[in-house]
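**Student:** First residue of the sequence shown: 940, per this note's numbering; consecutive thereafter. Where is the CB? At the ideal position from N, CA and C, for every residue including glycine. If you're wondering where the values come from, they're calculated on a predicted model, not measured in any experiment.
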Amino acid sequence: MMTRLLSRAIAGAILLAALAVAGAFVGSGVWNWAVAALFVAGFWLSVLRTRSEAVSGLGLLALTGLGLMGVYRQASPLLLLTGMTAGLAAWDLVHFRNEVESTDDRRDEDVLVGNHLRRLAIVLAAGWAAGFLALVVRVHLSLIWALLLGVAGIYGLSRTIQAARR
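#1: I'd like to check one pair, ALA980 with ILE949: are the Cβ atoms closer than 7 Å?
#2: Using the rule of at least 16 other Cβ atoms within 10 Å of the residue's Cβ for burial, across every protein chain shown, is ALA973 buried or exposed?
#3: My output table needs one value for LEU1080: the three-state DSSP class, helix, strand or coil.
#4: Inspect the beta-carbon positions of THR1024 and LEU1063 and report whether they are closer than 7 Å.
#5: At which residues does the alpha helix (DSSP H) containing SER985 begin and terminate?
#6: Alpha carbon to alpha carbon, what distance is there between GLY1004 and ALA976?
#7: Applying the 10 Å Cβ sphere with the 16-neighbour rule, what's the burial state of THR1115?
#8: Return the CA-CA distance between LEU1007 and ALA1103, expressed in angstroms with no decimal places.
#9: List the endpoints of the continuous alpha helix (DSSP H) containing THR1021.
#10: Considering ARG1058, what are the terminal residues of the alpha helix (DSSP H) in which it resides?
#11: Which stretch, first to last residue, makes up the alpha helix (DSSP H) that contains SER991?
#12: Contact defined as beta carbons within less than 8 Å: I believe ALA963 pairs with LEU1000. What is the distance between those atoms, to the nearest angstrom?
#13: Does the structure place the region 1028-1046 close enough to the region 987-1001 that three or more beta carbon pairs sit under 8 Å?
#14: Quick check: what's the CA-CA separation for LEU987 versus SER1081?
#15: What does the Cβ neighbour count give for LEU1087, buried or exposed, with the cut at 16 atoms within 10 Å?
#16: Inspect the beta-carbon positions of GLY1026 and LEU1002 and report whether they are closer than 7 Å.
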C-alpha cells in the first residue's frame, strides 16, 4: 500500500521536475530543450518499474544537465530551482522505495514511509527556500568569506544530520 504511495510520489516528482524545467525553456523561447526535458521525464517514467537506481541517477543527471543549459540560456531561475528540487526528490524516493521493497520485515512500513516523506518534505522546503533566498538576495563576499560560510554551512548541516539520527 505504501509502496504505491511512493510510486505515485515518484511519478509526481518526475513530472513536476520535467514540467518546471520545460516551462523555464518555453519561457525563454527555447522549445527544443523543453521537449528534451519532457523526453527525459517520459523515459524515466517508462522505466520506473525496473526499480533501477542507475536509471534514476541518469534521469537526475539528465535533468541537471538540462538545468545547466537553462542557466546558460538564461531561463527562469525559479523554475529551474523547482525542477532541480523535484528531480532530487524523485531520485531520493526511488532509492527509498527500493530499500523498503528489499526489506523482508515490513511491520512498520507505514511509519517508516511517513517519517521519510516528512523529513524529505522538510529538507526540500529548506533547500528550495535557501535557493530562493540566494536568487533574491544579493550579497557581495570575497572568496575567503564565501569559503568560510560554505565550510560553516557544511559543518552545521552535518551536525543537524547527526542530531536527527539520534
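**Tutor:** Straight from the coordinates:
#1: Position 10 of the sequence shown, counting from 1, holds the residue named residue 949. Position 41 of the sequence shown, counting from 1, holds the residue named residue 980. The answer is no: Cβ separation not under 7 Å.
#2: Residue mapping note: residue 973 aligns to position 34 of the sequence shown, counting from 1. ALA973 should be labelled buried.
#3: Taking the first residue of the sequence shown as position 1, residue 1080 is located at position 141. Note: LEU1080 maps to coil in three-state DSSP.
#4: Counting from 1 along the sequence shown, the entry for residue 1024 is found at position 85. Counting from 1 along the sequence shown, the entry for residue 1063 is found at position 124. Judged by beta-carbon spacing, LEU1063 lies within the 7 Å limit of THR1024, meaning their Cβ atoms are closer than that value.
#5: Here residue 985 refers to the residue found at position 46 when the sequence shown is read from its first residue. Looking at the DSSP string, the run of the alpha helix (DSSP H) that includes SER985 is 970-985.
#6: Looking up residue 976 in the sequence shown gives position 37. Looking up residue 1004 in the sequence shown gives position 65. Between the alpha carbons of ALA976 and GLY1004 lies a gap of roughly 10 Å.
#7: Residue 1115 lies beyond the range of the chain shown here (940 to 1105); nothing can be said about it.
#8: For the purposes of this step, residue 1007 is taken as the residue at position 68 of the sequence shown. For the purposes of this step, residue 1103 is taken as the residue at position 164 of the sequence shown. Distance between the alpha carbons of LEU1007 and ALA1103: 32 Å.
#9: In the sequence shown, counting from the first residue as 1, residue 1021 sits at position 82. THR1021 -> alpha helix (DSSP H) spans 1016-1041.
#10: For the purposes of this step, residue 1058 is taken as the residue at position 119 of the sequence shown. Per DSSP, ARG1058 belongs to the alpha helix (DSSP H) from 1048-1075.
#11: As a working mapping, residue 991 is identified with position 52 in the sequence shown. First-last for SER991: undefined, no H or E at that position.
#12: Sequence index remark: in the sequence shown, residue 963 carries index 24 (1-based). Sequence index remark: in the sequence shown, residue 1000 carries index 61 (1-based). That belief does not hold up - the Cβ atoms of ALA963 and LEU1000 are roughly 18 Å apart, past 8 Å.
#13: Proximity of the region 987-1001 to the region 1028-1046 meets the contact definition, three or more beta-carbon pairs being nearer than 8 Å.
#14: By 1-based counting over the sequence shown, the position of residue 987 is 48. By 1-based counting over the sequence shown, the position of residue 1081 is 142. Each residue's alpha carbon lies about 44 Å from the other.
#15: Within the sequence shown, numbered from 1, the residue matching residue 1087 stands at position 148. Only exposed fits LEU1087, as fewer than 16 other CB atoms lie within 10 angstroms of its CB.
#16: Counting from 1 along the sequence shown, the entry for residue 1026 is found at position 87. Counting from 1 along the sequence shown, the entry for residue 1002 is found at position 63. Yes.
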